[in-house]
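Scroll down for the structure; my scribbles are underneath it.
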Amino acid sequence: MESETTYGVEPGEGFYAWPRPLPPPALRVLKKGLLLAAALLTVHQFIPAGSAGSLVSEVFTIALVMSWLAPLGRMYTRLAGRRGDRSG
5 MESETTYGVE
15 PGEGFYAWPR
25 PLPPPALRVL
35 KKGLLLAAAL
45 LTVHQFIPAG
55 SAGSLVSEVF
65 TIALVMSWLA
75 PLGRMYTRLA
85 GRRGDRSG
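Just so we're aligned, residue 5 is where the sequence shown starts under the working numbering, counting upward by one.
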């Protein structure tokens, strides 16, 4: 088969395919961005946007309560130790 000719365009110096191909590093960044978008879309399908806000609020509240458990446990242990010393 004979190759098609493009009228008005002479291949040679300065001729390039349009649109120009992206360099490999740019393609990797684009691929990672699309993968991240697909992952976020998948998560959004399982956790709708309306409940995502309440989920974040609940997780924050649980994390806050859990952050207070260790200091409260230490305080309780100290108080219980002092009470044990008085009764003994």
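Glycine included, C-beta positions come from ideal geometry on N, C-alpha and C.
8 Å Cβ cutoff met for residue 51 and residue 40
no
Can you list, in chain order, the residues of its chain whose CB lies under 6 Å from that of residue 22, leaving out five sequence neighbours each side?
none
For the alpha helix (DSSP H) that contains residue 32, what are its first and last residues?
28–50
DSSP three-state label for residue 22, please.
coil
May I have the straight-line CA-CA distance separating residue 86 from residue 67, to the nearest angstrom?
30 Å
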